[in-house]
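In the working numbering, the protein residues as written are 159 to 367.
Beta carbons: idealized from backbone N, C-alpha and C, even for Gly.
All of these numbers come straight from a predicted model, not from anything done at the bench.
Structure record follows, encoded as structure tokens.
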Amino acid sequence: MDVNDLLMRFKDRTPKVLGSETFSEYAILLPLIEVKGEVHVLFEVRSLNMRRQPGEICFPGGRIDRSDSDERAAAIRETTEELGIQEHVISDIYPLDYIVSPFGTIIYPFVGKLNIPLEELRPNTAEVEEIFTTPLSYMREKEPELYNIKFKMEPEESFPYNQIPGGENYDWQARNMKEHFYYYQDKVIWGLTARVLHHFIKLLAQPSN
Numbered sequence: 159m160d161v162n163d164l165l166m167r168f169k170d171r172t173p174k175v176l177g178s179e180t181f182s183e184y185a186i187l188l189p190l191i192e193v194k195g196e197v198h199v200l201f202e203v204r205s206l207n208m209r210r211q212p213g214e215i216c217f218p219g220g221r222i223d224r225s226d227s228d229e230r231a232a233a234i235r236e237t238t239e240e241l242g243i244q245e246h247v248i249s250d251i252y253p254l255d256y257i258v259s260p261f262g263t264i265i266y267p268f269v270g271k272l273n274i275p276l277e278e279l280r281p282n283t284a285e286v287e288e289i290f291t292t293p294l295s296y297m298r299e300k301e302p303e304l305y306n307i308k309f310k311m312e313p314e315e316s317f318p319y320n321q322i323p324g325g326e327n328y329d330w331q332a333r334n335m336k337e338h339f340y341y342y343q344d345k346v347i348w349g350l351t352a353r354v355l356h357h358f359i360k361l362l363a364q365p366s367n
């Protein structure tokens, strides 16, 4: 095959995360809502009856379905289903940086505004135990507590050490991950939710163009 013909196969290709076809993909929305004239961040507490992560604090969101036109549509759909609102209530939806998790997931976060009084939200009790808000100004003044998590490399027993330099003494470059913790009244906001919140707050601190 001619090398030029071979390379033409890549001309219009859009790159993606290598191996992403095996990842689970999720979309979430960081909702901003006005409460008594002040901008608040809205959070959910996952239902205690949920199979995964019951009682944990999160943003609205979930797995991207085949019926969703894109990640943004998935975030909107999940938010409407979980908060009991119509799509037109959500506006000014913009993407934040997406996250490739070491646990086989890709998360696409968005930020948007809820144009509805807080008391008119009707959370889906099958998924949401409760909702609460925090003043954005309060969260912007707080630096999260950071705790280090170390990942340990453990190859399977049949791993062919004899085929790699260093053998069983190979210097695996195990990575670390910082877990973020925010505290508001009796609520503990941590993990992915806190990480996305911290990312959003850092973006707000950057000079506007």
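Any idea if residue i is buried or exposed, counting beta-carbon neighbours within 10 angstroms, 16 or more meaning buried?
{"i": "Leu304", "result": "exposed"}
{"i": "Val346", "result": "exposed"}
{"i": "Glu229", "result": "buried"}
{"i": "Pro253", "result": "exposed"}
{"i": "Ile243", "result": "buried"}
{"i": "Phe358", "result": "buried"}
{"i": "Val269", "result": "buried"}
{"i": "Pro267", "result": "buried"}
{"i": "Phe201", "result": "buried"}
{"i": "Pro189", "result": "buried"}
Is the Cβ-Cβ distance between residue i and residue j less than 8 Å?
{"i": "Lys191", "j": "Val203", "result": "Before going further, note that residue 191 is Ile rather than Lys in the sequence given. No, the pair does not count as a contact, with Cβ atoms beyond the cut-off."}
{"i": "Ser249", "j": "Asn273", "result": "yes"}
{"i": "Glu314", "j": "Ile264", "result": "no"}
{"i": "Gly213", "j": "Ala185", "result": "no"}
{"i": "Asp223", "j": "Ala233", "result": "no"}
{"i": "Thr237", "j": "Leu187", "result": "yes"}
{"i": "Thr291", "j": "Leu276", "result": "yes"}
{"i": "Met311", "j": "Tyr340", "result": "no"}
{"i": "Val199", "j": "Leu294", "result": "yes"}
By DSSP's criteria, residue i is part of a beta bridge. Which residues make up the other side?
{"i": "Trp348", "result": "Phe339"}
{"i": "Asn334", "result": "Lys308"}
{"i": "Gly270", "result": "Pro189"}
{"i": "Glu303", "result": "Phe339"}
Spatial neighbours of residue i within its chain, please: C-beta separation below 7 Å, excluding the five flanking residues on both sides.
{"i": "His338", "result": "Pro302, Leu304, Trp348, Ala352, Arg353 and His356"}
{"i": "Arg235", "result": "Asp226"}
{"i": "Ser259", "result": "Ile265"}
{"i": "Leu206", "result": "Pro212, Gly213 and Glu287"}
{"i": "Glu326", "result": "Tyr319"}
{"i": "Glu245", "result": "Ile234 and Thr238"}
Under 6 Å Cβ to Cβ from residue i, same chain only, skipping five residues before and after it: list those, please.
{"i": "Glu240", "result": "Pro218, Asn282, Glu285 and Val286"}
Which residues in the same chain have their Cβ closer than 8 Å to the Cβ of residue i, if we skip the five residues on either side of it in sequence?
{"i": "Ile307", "result": "Asn334, Met335, Lys336 and Glu337"}
{"i": "Ala332", "result": "Lys308, Phe309, Lys310 and Met311"}
**OP:** List in chain order: all unbroken beta strand (DSSP E) runs of 3+ residues lying wholly within the segment 181-228.
**Re:** Note on the segment 181-228: whole beta strand (DSSP E) runs with a minimum of 3 residues are 182-193, 196-204 and 219-221, in chain order.
**OP:** Output the residue ranges of the beta strand (DSSP E) runs that lie fully inside the segment 234-297 and measure 3 residues or longer, sorted by chain position.
**Re:** Every beta strand (DSSP E) stretch that sits fully inside the segment 234-297 and reaches 3 residues is listed by chain position as 248-253, 263-272 and 286-293.
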